[in-house]
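A.B. asks:
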Amino acid sequence: MAEALAQVALTWLGKIWDAILVKVGEYLATPIGRQFTYMFYFNNNIMELEIQLEKLKTTRQDVEMGVDETHRNCRVLGSNVETWLKSVNEVTTEVERIIQDKAKVKEGCLNGWCPNLKLRYSLSRKAVEKTEVVINLKADGVSYSKSSYNPSLTTMVTITNGDFTEFESRRLIMKEIFEALQHDKINLIGIYGTGGVGKTTMVKEVAKRAKEDNLIDEVAMAIVGQNPDLTNVQACIADMLGLELGDKTSPIMRASLLRRRLLQDNKKVIVILDDIWADQFDLHGMSTDLHGIGFPLGGANKNFKMLYTSRTRDLWHDLRTKKEIHLDLLSEEEAWRLFREKAGDSTDSPDLKPIAEQIVNECGRLPSALVLVGTALSKKSGRNYIKQIWEAMLDRLSCARSTRVDEDPLQEVQEEFATVANALAKKNH
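Quick note: the sequence shown uses the UniProt record's numbering, first residue 1, plus one each step.
#1: Determine the DSSP secondary structure at Gly164, reduced to helix, strand or coil.
#2: Is it right to say Thr200 is buried, meaning 16 or more other beta carbons lie within 10 angstroms of its own, or is it exposed?
#3: DSSP three-state label for Phe304, please.
#4: By DSSP's criteria, Ala220 is part of a beta bridge. Which residues make up the other side?
#5: Under three-state DSSP, which class holds Gly246?
#6: Keeping to the same chain, check which residues put their C-beta closer than 7 Å to that of Phe164; ignore five residues upstream and five downstream.
#7: Leaving out five residues on either side along the sequence, give the residues of the same chain with a beta carbon under 6 Å from the beta carbon of Arg365.
#8: At the level of alpha carbons, what is the spacing between Arg320 and Leu188?
#9: Look up Leu188 in the DSSP assignment and give the residues it is bridged to.
#10: Check for me: the alpha helix (DSSP H) holding Phe339 runs from which residue to which?
#11: Candidates His291, Ala103, Ala207: which alpha carbon is nearest Arg254's?
#12: Could you tell me if Asn214 is buried or exposed, where buried requires 16 or more neighbouring beta carbons within 10 angstroms of its beta carbon?
#13: In or out: Met221 buried (at least 16 other Cβ within 10 Å) or exposed?
#14: Thinking just about the alpha-carbon of each residue, which of Ala210, Asp247, Asp314, Ile252 is nearest to the one in Ile272?
#15: Looking at the unbroken alpha helix (DSSP H) that takes in Asp348, where does it start and where does it end?
#16: For Ala343, is the classification buried or exposed, using 16 other Cβ atoms within 10 angstroms of its Cβ as the cut-off for buried?
#17: Using a 10 Å radius around the Cβ and a threshold of 16 neighbouring Cβ atoms, would you call Arg60 buried or exposed?
#18: Go ahead and label Thr249 buried or exposed: buried means 16 or more other beta carbons lie within 10 angstroms of its beta carbon, across all protein chains shown.
#19: Look at Thr131 and Glu48 and say whether their C-beta atoms are less than 8 Å apart.
#20: Looking only at C-alpha atoms, which of Glu90, Gln100, Ser310 sits nearest to Gly195?
#21: Quick one, which of His183, Leu56, Phe42, Gly141 has its alpha-carbon nearest Asp101's?
#22: Between which two residues does the alpha helix (DSSP H) containing Tyr41 stretch?
#23: Report the residue from Val197, Glu212, Asp274, Val142 whose alpha carbon sits nearest the alpha carbon of Met306.
#24: On the DSSP letters alone, give me the boundaries of the alpha helix (DSSP H) that Asn361 sits inside.
#25: Does Glu218 pass the burial test, meaning 16 or more other C-beta atoms within 10 Å, or should it be called exposed?
#26: I believe Ala127 touches Ile46 by the beta-carbon criterion, under 8 Å. Please report the beta-carbon distance rounded to the nearest angstrom.
#27: Can you tell me which residues form a DSSP beta bridge with Gly292?
#28: Less than 8 Å between the C-beta atoms of Lys323 and Ile186, yes or no?
#29: When the Cα of Ala278 is compared with those of Ile252, Asn227, Asn301, which residue comes out closest?
#30: What is the rounded straight-line gap between the Cα of Phe40 and the Cα of Lys106?
#31: Report buried or exposed for Leu123, applying the criterion of at least 16 other Cβ atoms within 10 angstroms of its Cβ.
#32: Under a three-way DSSP split, which group does Gly374 fall into?
#33: Determine whether the beta carbon atoms of Trp390 and Leu338 lie at a separation below 8 Å.
#34: By Cβ distance, which residues of its chain are closer than 6 Å to Lys268, with the 5 residues on each side in sequence left out?
#35: What residues in its chain sit with their C-beta under 8 Å from that of Gln358, if we drop five residues either side in the sequence?
#36: Could you give the distance in angstroms between the alpha-carbon of Thr37 and the alpha-carbon of Gly66?
The structure is reproduced here in structure tokens:
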């Protein structure tokens, strides 16, 4: 009986001991297995970390686009987004350091024959831990981004200017404009001159070069015209700056938002108002309150500049921070060079050169007329009746000096000529 009880007791003790050993083995085996996993899957762990980091960077770009849009529209950014971006930047730095240290594992000892096992284990473990952090950050970032954004100025607007030719007279004007742009006490620059003299071409070229030379951060442009709409002018400028005025109909609110955007981050900004007509200027309030429209002229601000073009001078005559620059006609030599450049080598032929010289004279040394007529005539080269076309163009240009022409009997040059003829007629009225 006693032996039987002893046997039962031993059996139960054995089972209890086995259970204890199994449990201890489980506790020991899991960490040991994980340690070997870190060593064995080192390359895979680093690669997975790199993949997840790239995904996180993509999400960060999406969030940053939203931040830029919020900033451009003068709205306040949520603190949770700022905190997320800060965390992403910190984690990115840490992860990139882990990835960079991967190469050190191969150095090891014995000239690379013995890899650095301690570093291999450490980096692999960090990679696994950081991968989880990166995945969680990416998941959080998705809620801060959206599928589309309004593009910023650099991707939305590029001022191109293929018609500018740098003659000496234009080079000197360009130099004078750039000097004014870099003058701290000048923030309103007017380019005035007769219609067709190249004012719009000039200010576009100024803006393009200033942007290329990093003299300015942003540029926006609006055409004012004979029937100015100040609401439309504000909208054009806002659109080019990526600012959403939306349904804000209050003139004060629109001006306030535009002004805040133009002064944002102390950026260097040029706004161009093209083709201002003096007779409509006072009627629409532009002569009295530029600040009320949203343009921050005057004061301590030195980074905002406004360029405008007009046929007359002395607009905003009360402003002391203004400089007006006269853009004159081309010289006779410059006019001939420009016409020849556009019309082609035909101008040198003995039977066409006298006609070409008269055409240049009838174009009044106006760049726009010379470009348009020269380009139109260049398309007729190689034809048997080219001389007749040139003579007809000369006759019609002569008439345009005193009469506005609405149609040209020569169908082939009608479209090109009508614009020039009307421009010349306006010039002489």
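Heads up, the beta-carbon is just placed ideally off N, CA and C, and yes, glycines get one too.
C.D. replies: Reading it off the structure:
#1: It should be noted that the sequence gives Phe, not Gly, for residue 164. If DSSP states are grouped into helix, strand and coil, Phe164 belongs with coil.
#2: buried
#3: strand
#4: Val271
#5: coil
#6: Thr201, Glu205
#7: Leu329, Leu330, Ala335
#8: 9 Å
#9: Met306, Lys322
#10: 332-343
#11: His291
#12: exposed
#13: buried
#14: Ala210
#15: Premise fails: Asp348 is in no alpha helix (DSSP H) and is neither H nor E.
#16: buried
#17: buried
#18: exposed
#19: yes
#20: Ser310
#21: Phe42
#22: Tyr41 -> no alpha helix (DSSP H), and no H or E assigned at all.
#23: Asp274
#24: 353-362
#25: buried
#26: 5 Å
#27: For Gly292, which the question treats as bridged, DSSP gives no partner whatsoever.
#28: yes
#29: Asn227
#30: 15 Å
#31: buried
#32: helix
#33: no
#34: Ile216, Asp217, Asn303
#35: Leu394
#36: 40 Å
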